[in-house]
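There are 6 protein chains.
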Amino acid sequence: MPYVNIKVTKEQEPITPEQKQRLIQGVTDLLKEVLGRGPKTTVVVIDEIDMDNYGIGGETVAVRRQRGE
Amino acid sequence: MPYVNIKVTKEQEPITPEQKQRLIQGVTDLLKEVLGRGPKTTVVVIDEIDMDNYGIGGETVAVRRQRGE
Amino acid sequence: MPYVNIKVTKEQEPITPEQKQRLIQGVTDLLKEVLGRGPKTTVVVIDEIDMDNYGIGGETVAVRRQRGE
Amino acid sequence: MPYVNIKVTKEQEPITPEQKQRLIQGVTDLLKEVLGRGPKTTVVVIDEIDMDNYGIGGETVAVRRQRGE
Amino acid sequence: MPYVNIKVTKEQEPITPEQKQRLIQGVTDLLKEVLGRGPKTTVVVIDEIDMDNYGIGGETVAVRRQRGE
Amino acid sequence: MPYVNIKVTKEQEPITPEQKQRLIQGVTDLLKEVLGRGPKTTVVVIDEIDMDNYGIGGETVAVRRQRGE
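Protein chains in written order, with full-length UniProt numbering: chain A, 1 to 69; chain B, 1 to 69; chain C, 1 to 69; chain D, 1 to 69; chain E, 1 to 69; chain F, 1 to 69.
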């Protein structure tokens, strides 16, 4: 019954339902393989964060993207 | 001063303001009753998560809902 | 399949296993009653935080407790 | 490489990109100054929560705002 | 620069440093493979939770383990 | 009533109560200054994470520290 929370930025190209399914499946398989935990009750929550709301190194990701990073 | 975070999926029927008030009141009362903590500074945050972004047992809730689960 | 995280301070009197069971049961029942969600896959995680690591109003709870609050 | 999550309510006046940048910069500087940690890999995520979804003292912030608090 | 938080219970057999490294590497690779994000600034935090503090279906995991589940 | 969660690694030199007080005070002041929010009900929680449990760039911080990083 592991719980996993993934936070990623909302970039110009939205994350597709298929990619989300692959992330959820992949993390669930990984926990089963490495720890033998789950998979039936493994919960995964994906949070998509605006680039203005996500900062690294003291700058918002939005500012870094404007600079081409 | 407990802090509580509740994550639930956004289903077809939206969660009403009254239901959110009942959840917040209920959790705050529970913490007061069981632990004698709060209630004045008990903070509760409810996150409503898209079904594509919430996974259980390796599948997104959206996929499970399409299958009638 | 709601997910709930409860954060409370570690006070002088430890929280007993029975109190934790009552919190988990209480929150699970509340979500079933108010939203009709769960209960089988409702996950609840309780974090107990040192008083030095928990702040409110700009002060650690440890400082407030020394002042009798 | 500290990680910081800030949750605030969405009030009538939206939080501007400049304010978000100041929060991210300010928290990153604070961690560098107090702990000597980061700043290059310090991650800050700001969550803006609807007033119906944020409760304090057993009430949603929306209810408190209607009462002028 | 994704952020991932994994919460698992502390079981009788402790999780080894090698298993933690495999989880961190595995999640980082998964995010690179599926979303092309990271890996240099991907942050992963693993929380190990006492069985009394982790509940599913209204019961603590400790109670379920005593019942052989 | 903002809520802030700070996650940092447990390094060889423990973080002192004074440093924790400065972090809590600093973040509370920052939110007051930038957003005019709080400070009385601003909650700050500091999580100190073992180096084996904290990963960046696919490696645990423990592995990076052994390499002198």
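Every residue, glycine too, gets a C-beta built ideally from N, C-alpha and C.
Under a three-way DSSP split, which group does residue i fall into?
{"i": "I24/A", "result": "helix"}
{"i": "E59/C", "result": "strand"}
{"i": "E13/A", "result": "coil"}
{"i": "D52/C", "result": "helix"}
{"i": "K32/B", "result": "helix"}
Under the assumption that residue i contacts residue j (Cβ atoms under 8 Å), give the Cβ distance between them as a whole number of angstroms.
{"i": "I15/F", "j": "L31/D", "result": "So it is not a contact: roughly 11 Å between Cβ atoms."}
{"i": "N53/C", "j": "K20/F", "result": "6 Å"}
{"i": "G49/D", "j": "K10/D", "result": "Residue identity differs from the one stated: residue 49/D is Ile in this sequence, not Gly. Right, their Cβ atoms sit about 7 Å apart."}
{"i": "V44/B", "j": "G26/D", "result": "Their Cβ separation, rounded to whole angstroms, is 26 Å, which puts V44/B and G26/D out of contact at 8 Å."}
{"i": "T41/F", "j": "T41/B", "result": "6 Å"}
{"i": "T28/E", "j": "P39/E", "result": "5 Å"}
Any beta carbon from chain B within less than 8 Å of residue i's own beta carbon?
{"i": "V34/A", "result": "no"}
{"i": "T28/F", "result": "no"}
For residue i, which residues from the same chain have a beta carbon less than 6 Å from its beta carbon, with the 5 sequence-adjacent residues on both sides left out?
{"i": "T5/B", "result": "First, the residue type needs correcting, since residue 5/B is Asn and not Thr in the sequence shown. Closer than 6 Å at the Cβ level, and outside the excluded window around N5/B, lie V45."}
{"i": "G57/F", "result": "none"}
{"i": "V61/F", "result": "T9, M51, Y54"}
{"i": "residue 70/B", "result": "Residue 70/B falls outside the range modelled here, since chain B spans only 1 to 69, and no answer is possible."}
{"i": "I24/C", "result": "V44"}
{"i": "E13/C", "result": "none"}
{"i": "G68/B", "result": "none"}
Can you confirm whether residue i, when its beta carbon is compared against all beta carbons of chain A, has any partner nearer than 8 Å?
{"i": "V44/C", "result": "no"}
{"i": "T60/E", "result": "no"}
{"i": "Q19/E", "result": "yes"}
{"i": "K7/E", "result": "yes"}
{"i": "I15/B", "result": "no"}
Using a beta-carbon distance below 8 Å, is residue i in contact with chain C?
{"i": "I24/F", "result": "yes"}
{"i": "Y3/A", "result": "yes"}
Determine, for residue i, whether the minimum Cβ-Cβ distance to residues of chain E falls below 8 Å.
{"i": "V63/F", "result": "yes"}
Hey, would you say the C-beta of residue i is under 7 Å away from at least one heavy atom of the ligand COA?
{"i": "D47/B", "result": "With respect to small molecules bound, the structure shown includes none, and the ligand COA cannot be examined in it."}
Within the same chain, show all residues whose beta-carbon is closer than 7 Å to that of residue i, passing over the 5 residues directly before and after it, in chain order.
{"i": "R65/F", "result": "M51"}
Indicate whether at least one CB of chain F lies closer than 8 Å to the CB of residue i.
{"i": "R67/D", "result": "no"}
When the cut-off is 8 Å and only beta carbons count, does residue i lie next to chain D?
{"i": "G38/A", "result": "no"}
Once the 5 residues before and after residue i are set aside, which same chain residues still bring their CB inside 8 Å of it?
{"i": "V63/C", "result": "none"}
{"i": "E33/F", "result": "none"}
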